[in-house]
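Data block below; observations after.
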Amino acid sequence: MVVNNERKRYILIEILGEKPDIRKIINECKNKISLIDGQIGVAKAAIYGIDFKNNLIIIKTNHLMRETVEAAIALLNDNSWKVETRLVSGTIKKIKTHIDTIKQ
Amino acid sequence: MVTSYFGSLKDINSKKNEEYLHFRGINSFLIEINDDEIKNLELGETYYQTFYRKTIISDNDMEIKKTLQKYRKKYHIIAGVPLNAKTAALLARDNRVDMIRINPSLGLSVFNKRYANRVLENGKILEIDLSNFQNKYFANKVRPLMRILKSMKVQKLSFHLTNLPTNIEELRSDKALIAVGRLLEISGNSAATSIISDRIKQNMKKIEGKIPFPGVELDGSK
C-alpha cells in the first residue's frame with residue numbers, strides 16, 4: 001500500500017539571550033500549543049527540533065498546523081531568552097541557504 | 105512597521121533596549137502619551153520614528169466631543185474605547201476618530217454586522233486587544249472577542265493588532281501579532297502594518313494643513 005508522506009514546514013527561529021536547551025524550547029512550544037489547540041493539536045503538529053547553531057533553531061512541523069505553531073512561538077514568554085520567527089519554508093535547503101546569507 | 109506602545113518614552117531611548125528592539129525588528133512606535141508629556145517633548149530626539157496616539161475612554165458623548173476638539177491636531181492617531189452603545193455609535197460616526205478598540209464587554213448588541221458596515225463606511229480601523237493571550241488560561245476571555253469578530257465579518261475591514269505593551273519586553277513584532285491574530289481568523293492582509301502607517305501619513309498632512317477638507321490636497325507647487 002502506498003502512503004503519502006505528510007507535508008511539512010520548517011520554521012527558522014532566532015534566540016536572544018541565554019542559550020537554552022533545544023528540548024526546553026520544544027517543550028515550551030508544545031505546552032503553548034496544548035493551551036491553544038489541546039493535546040490532539042500537539043499530536044497533529046508533530047514538532048521536532050532539527051538543528052541548533054549560532055542562536056538559530058530549525059523546527060519541523062506539519063503544514064496544516066503551521067499557523068498554530070507560529071502563534072505558539074509568538075506567545076512564548078521567558079525572562080532569560082526571547083524567540084522570534086525568521087522564516088518558514090517547505091524545504092530545509094532553503095532554510096539553510098537563508099542561514100548562510102545571515103552568516104555572511 | 106508601526107507598533108503601539110503604552111509605556112514611557114525613556115525606555116525606547118535607552119541604549120540597553122537597542123539590541124532587543126533590533127531583534128524584534130521594531131523601528132517605529134505609536135506611543136500613548138499624556139497632554140503634559142507632549143509639551144515637554146523635543147521632536148527628533150529619538151533614534152526611532154515615533155508617532156503619538158491618544159486613547160479616549162469615556163461613557164459620555166459630550167466629553168468625547170470636547171476631547172476630540174482639544175486633541176485632534178496634537179496627536180497623529182486618536183483611538184476610542186466605547187463603554188456603551190451611544191459612545192460606540194459616536195466613535196463610528198465622527199471623522200476625527202481613527203481607531204475604535206473592540207470592547208468585548210458590550211457584546212453582540214453593539215458590535216454586530218451593522219456596526220461593522222458603519223465602521224467600514226466611515227473608514228475606521230478596528231483595534232484588537234491581544235493581551236489576553238498572554239495569560240495561562242485565556243479561553244473565557246477570548247471567547248466573547250471571537251464571537252464579536254465572527255459576527256462582524258465584513259470584507260475589507262481593517263484591523264490594528266496590539267497586545268497593549270507597557271514595557272519593552274512585552275513588545276512583539278508585527279509578524280508575531282499577525283500570527284496570534286490568525287487564531288482569531290483575522291487575515292494577514294486585513295491587519296497589515298501599512299494600514300496604520302498610511303493613516304498616520306494622511307493625518308500628518310491634515311495637521312500640516314495640506315488637506316484643508318476631504319478630497320482636496322494642496323501640494324505646494326504654483
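Protein sequence lines, in the order shown, are assigned to chains A and B.
Counting from 1, one number per residue, gives the positions in the first sequence under this note's numbering.
Counting from 105, one number per residue, gives the positions in the second sequence under this note's numbering.
Note that the Cβ used here is the ideal one computed from N, Cα and C, for glycine as well.
Quick caveat: nothing in here was measured; it's all calculated off a predicted structure.
- Which two residues bound the contiguous beta strand (DSSP E) that contains Ser262(B)? Annotation: the continuous beta strand (DSSP E) that includes Ser262(B) extends over 262-266.
- Run the CB neighbour count on Ile13(A), radius 10 Å, all protein chains shown included, and call it buried at 16 or more, exposed below. The residue in question, Ile13(A), is buried, as its Cβ has 16 or more Cβ neighbours within 10 Å.
- Query: In whole angstroms, what is the alpha-carbon distance linking Asp51(A) and Asp323(B)?
  - Reply: Between Asp51(A) and Asp323(B), the C-alpha separation is close to 54 Å.
- Roughly how far, in whole angstroms, is the beta-carbon of Tyr175(B) from the beta-carbon of Ala196(B), given that I think they are within contact range, below 8 Å? In fact, because the Cβ distance is near 19 Å, the residues do not count as touching under 8 Å.
- Test item: CB-CB of Ala280(B) and Ala43(A) under 9 Å: Cβ distance not < 9 Å, so Ala280(B) and Ala43(A) don't count as in contact.
- Item | Interfacial residues, the region 225-248 of chain B to chain A, with Cβ spacing under 8 Å | Here the close residues are Phe237, Gln238, Lys240, Tyr241, Phe242.
- Touch test, the region 89-100 of chain A against the region 288-306 of chain B, Cβ-Cβ under 8 Å, three pairs minimum: No: fewer than three Cβ pairs fall under 8 Å.
- Less than 9 Å separating the beta-carbons of Gln306(B) and Asn267(B)? Taking 9 Å as the cut-off, the beta carbon of Gln306(B) is found no closer than this to the beta carbon of Asn267(B).
- What number of angstroms, rounded off, separates the C-alpha of Glu122(B) from the C-alpha of Leu56(A)? The alpha-carbon atoms of Glu122(B) and Leu56(A) are separated by roughly 20 Å.
- Query: Quick one: what does DSSP say Asn62(A) is sitting in, helix, strand or coil?
  - Reply: Strand at Asn62(A).
- Message: Quick check on DSSP: helix, strand or coil for Val284(B)?
- Response: The answer is helix: DSSP assigns Val284(B) an H, G or I state.
- Message: Which same chain residues end up closer than 6 Å to His56(B) when comparing Cβ atoms and leaving out the 5 residues on each side of it in sequence?
- Response: One cannot answer for residue 56(B) here, as it falls past the ends of chain B, which runs 105 to 326.
- Query: Leaving out the 5 sequence neighbours to the left and right, which residues in its chain are closer than 8 Å to Asn131(B) when beta-carbon positions are compared?
  - Reply: Same-chain partners within the cutoff: Met105, Leu125, Tyr152, Gln153.
- Message: Nearest by alpha-carbon distance to Asn54(A): which of Asn5(A), Met1(A), Thr91(A), Glu18(A) is it?
- Response: Nearest C-alpha to Asn54(A): Glu18(A).
- Item | Spatial neighbours of Arg66(A) in its chain, beta-carbon cut-off 6 Å, leaving aside the 5 residues before and after | Same-chain partners within the cutoff: Arg9.
- Query: Helix, strand or coil: how does DSSP classify Asp78(A) here?
  - Reply: Of the three classes helix, strand and coil, the one that applies to Asp78(A) here is coil, per DSSP.
- Listed from N- to C-terminal order along the chain, which residues in the region 274-306 of chain B have their beta-carbon within a distance smaller than 8 Å of any beta-carbon of chain A? Answer in chain order: Arg276, Ser277, Lys279, Ala280, Leu281, Ala283, Val284, Arg286, Leu287.
- Extent of the continuous alpha helix (DSSP H) to which Glu274(B) belongs: Taken as a continuous stretch (DSSP letters only), Glu274(B) belongs to no alpha helix (DSSP H), as it is neither H nor E.
- Item | Contacting positions in the region 105-129 of chain B - beta carbon closer than 9 Å to chain A | Near chain A, meaning a CB-to-CB distance below 9 Å, the residues of the region 105-129 of chain B are Glu123, Tyr124, Phe127, Arg128, Gly129.
- Query: Are there three or more Cβ pairs, one per stretch, closer than 8 Å when the region 240-250 of chain B is compared with the region 190-205 of chain B?
  - Reply: Too few Cβ pairs lie closer than 8 Å, so no.
- Is it true that the CB of Lys257(B) sits closer than 9 Å to the CB of Lys309(B)? At the C-beta level, Lys309(B) and Lys257(B) stay beyond 9 Å of one another.
- Count the other CB atoms within 10 Å of the CB of Thr61(A); is the residue buried (16 or more) or exposed (fewer)? With 16 or more Cβ atoms within 10 Å of its Cβ, Thr61(A) is classed as buried.
- Ile232(B) and Gly184(B): beta carbons closer than 9 Å? No; because the gap between Cβ atoms is not below 9 Å, this pair is not in contact.
- Task: Determine the chain B residues that contact Lys82(A) at a beta-carbon separation under 9 Å, and present them in chain order.
- Result: Contact note: Lys82(A) reaches chain B through Tyr124, Phe127, Arg128, Glu273, using a C-beta cutoff of 9 Å and chain order.
- Item | Top-ranked residue by Cα proximity to Glu136(B), from Ile161(B), Pro318(B), Gly129(B), Gln259(B) | The option with the nearest alpha carbon to Glu136(B) is Ile161(B).
- Message: Distance check for Gly211(B) and Lys119(B), CA to CA, integer angstroms please.
- Response: So the alpha carbons of these two residues sit roughly 43 Å apart.
- Task: Would you mind giving the Cβ-Cβ distance between Leu224(B) and Leu253(B), rounded to the nearest angstrom? I have them listed as a contact below 8 Å.
- Result: At roughly 14 Å, the Cβ-Cβ gap does not stay under 8 Å, so Leu224(B) and Leu253(B) are not in contact.
- Mind checking who Gly41(A) pairs with in its DSSP beta bridge? According to DSSP, Gly41(A) bridges with nothing at all.
- Message: Using CA atoms only, rank isn't needed, just tell me which of Asn4(A), Ile59(A), Asn5(A) is closest to Glu28(A).
- Response: Looking at the Cα atoms, Ile59(A) is the closest of the given residues.
- Message: Please list, in chain order, the chain B residues whose beta carbon lies closer than 9 Å to that of Leu16(A).
- Response: Those within 9 Å of Leu16(A) in chain B are Glu123, Tyr124, Phe127, Arg128.
- Can you give me the Cβ contacts of Arg200(B) inside the same chain, cut-off strictly under 6 Å, excluding the 5 residues immediately before and after it? Closer than 6 Å at the Cβ level, and outside the excluded window around Arg200(B), lie Leu172, Arg176.
- Task: Under 9 Å between beta-carbons, which chain B residues line up against Thr85(A)? List them in chain order, please.
- Result: The contacting residues are Ser277, Lys279, Ala280, Ala283.
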